[in-house]
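Visitor: I'd like to ask you about the structure that follows.
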Amino acid sequence: VVQAKKKKTTTSKPKKVGPSVGELIVKAVAASKEHNGVSAAALKQALAARGYDVDKNKARVKTAIKSLVAKGTLVQTKGTGASGSFKMNKASETKAKTYAKCKY
Numbered sequence: 001v002v003q004a005k006k007k008k009t010t011t012s013k014p015k016k017v018g019p020s021v022g023e024l025i026v027k028a029v030a031a032s033k034e035h036n037g038v039s040a041a042a043l044k045q046a047l048a049a050r051g052y053d054v055d056k057n058k059a060r061v062k063t064a065i066k067s068l069v070a071k072g073t074l075v076q077t078k079g080t081g082a083s084g085s086f087k088m089n090k091a092s093e094t095k096a097k098t099y100a101k102c103k104y
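With full-length UniProt numbering, letter number 17 in the sequence shown gets 17, and the count goes up by one each step, no holes.
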């Protein structure tokens, strides 16, 4: 006797509502008035202040910082990788100001 296998029904997780990590980082750097940019530690504190769970998403924050530097949105003034200080690229600063004005 051969039994028919039941198909497992998988439900996809609902997509998180709200701004992405990259958008939050861009907002935090754009809002900063520091001449040398914002340190990675200060960025993480700013994300935590906005209610983002940094401890749970360390890798996600790291990759977001690296990708923003690779895209040219952020410029790394000190350090290497996802550590050091970051400031806005002059060319993309106008985009960031519109991000900073938006409220989510």
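Just so you know, even glycine gets a beta-carbon here, dropped at the ideal spot from N, CA and C.
None of these values were measured; they are calculated from a predicted model.
If I follow the unbroken alpha helix (DSSP H) through Ser-85, where does it start and stop?
Guide: Here Ser-85 belongs to no alpha helix (DSSP H); instead the beta strand (DSSP E) covers 85-88.
Visitor: Taking 6 Å as the limit between beta carbons, can you name the residues of its chain near Gln-76, skipping five residues before and five after?
Guide: Once the five neighbours on either side are set aside, the close Cβ partners of Gln-76 are Val-69, Gly-84, Phe-86.
Visitor: Quick one, which of Thr-10, Lys-6, Glu-23, Gln-3 has its alpha-carbon nearest Tyr-52's?
Guide: Comparing Cα positions, the closest option is Glu-23.
Visitor: Between Gly-37 and Ser-12, what straight-line distance do the alpha-carbon atoms span, to the nearest angstrom?
Guide: Taking the straight line joining both Cα atoms gives about 39 Å.
Visitor: Suppose you measure from the CA of Pro-14 to the CA of Ala-49; what does that come to, to the nearest Å?
Guide: Roughly 24 Å between the two C-alpha positions.
Visitor: Identify whether Lys-13 lies in helix, strand or coil by the three-state DSSP scheme.
Guide: Reduced to three states, the DSSP call for Lys-13 is coil.
Visitor: What number of angstroms, rounded off, separates the C-alpha of Val-54 from the C-alpha of Lys-78?
Guide: Using only the alpha carbons, I get a separation of about 22 Å.
Visitor: Which residues does DSSP list as the beta-bridge partners of Leu-74?
Guide: Paired residues: Met-88.
Visitor: What residues match up with Ser-39 in a beta bridge as DSSP calls it?
Guide: In the DSSP output, where bridge partners are listed per residue, Ser-39 has Ser-85.
Visitor: Taking 7 Å as the threshold (C-beta atoms), are Lys-62 and Ala-82 in contact?
Guide: It is a contact, given that the beta carbons lie within the stated cut-off.
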